[in-house]
Amino acid sequence: MRRLIVLAWLLVASAGGCGAEPPPPPHLLAPERWGNDVLAIGWVGHATVLVKLAGTTILTDDPILESHGRAS
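Pasting the structure below:
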């Protein structure tokens, strides 16, 4: 069993799955250039979204909500 785990790890590591540097994002978000009079939404990654509406900026992130609780 141990050999199988080591073999699987070596296979994943050699394919670039472990320790590989992630590719750069295709475009960078520039919320400072978003107008305050429109709804602007930018995907940050995974479940994180940046929303700007009427001068208010909101960052959604499920792990933050799970560890710090929801704002009320």
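According to the numbering used here, the residues represented by the sequence shown are 206 to 277, in order. Where is the CB? At the ideal position from N, CA and C, for every residue including glycine.
Going by alpha carbons, who is nearest to residue i out of the options?
i	options	result
K257	D242, G250, D266	D242
T261	P228, G240, H251, V211	G240
H251	R238, M206, P230, R207	P230
Expressed to the nearest angstrom, what Euclidean distance is found between the alpha-carbon atoms of residue i and residue j?
i	j	result
A235	V254	13 angstroms
W279	A245	Absent from the structure is residue 279, since the part of the chain shown begins at 206 and ends at 277.
I263	L209	46 angstroms
E237	R207	52 angstroms
D267	H232	23 angstroms
P228	L212	26 angstroms
Considering only residues of the same chain and omitting the five flanking positions on each side of residue i, which have a CB-CB separation below 6 angstroms?
i	result
C249	Strictly speaking, residue 249 in this sequence is Val, with Cys absent from that position. Around V249: L255.
So, for residue i: in the same chain, excluding its five sequence neighbours on each side, which residues have a beta-carbon less than 7 angstroms away from its beta-carbon?
i	result
A259	N241
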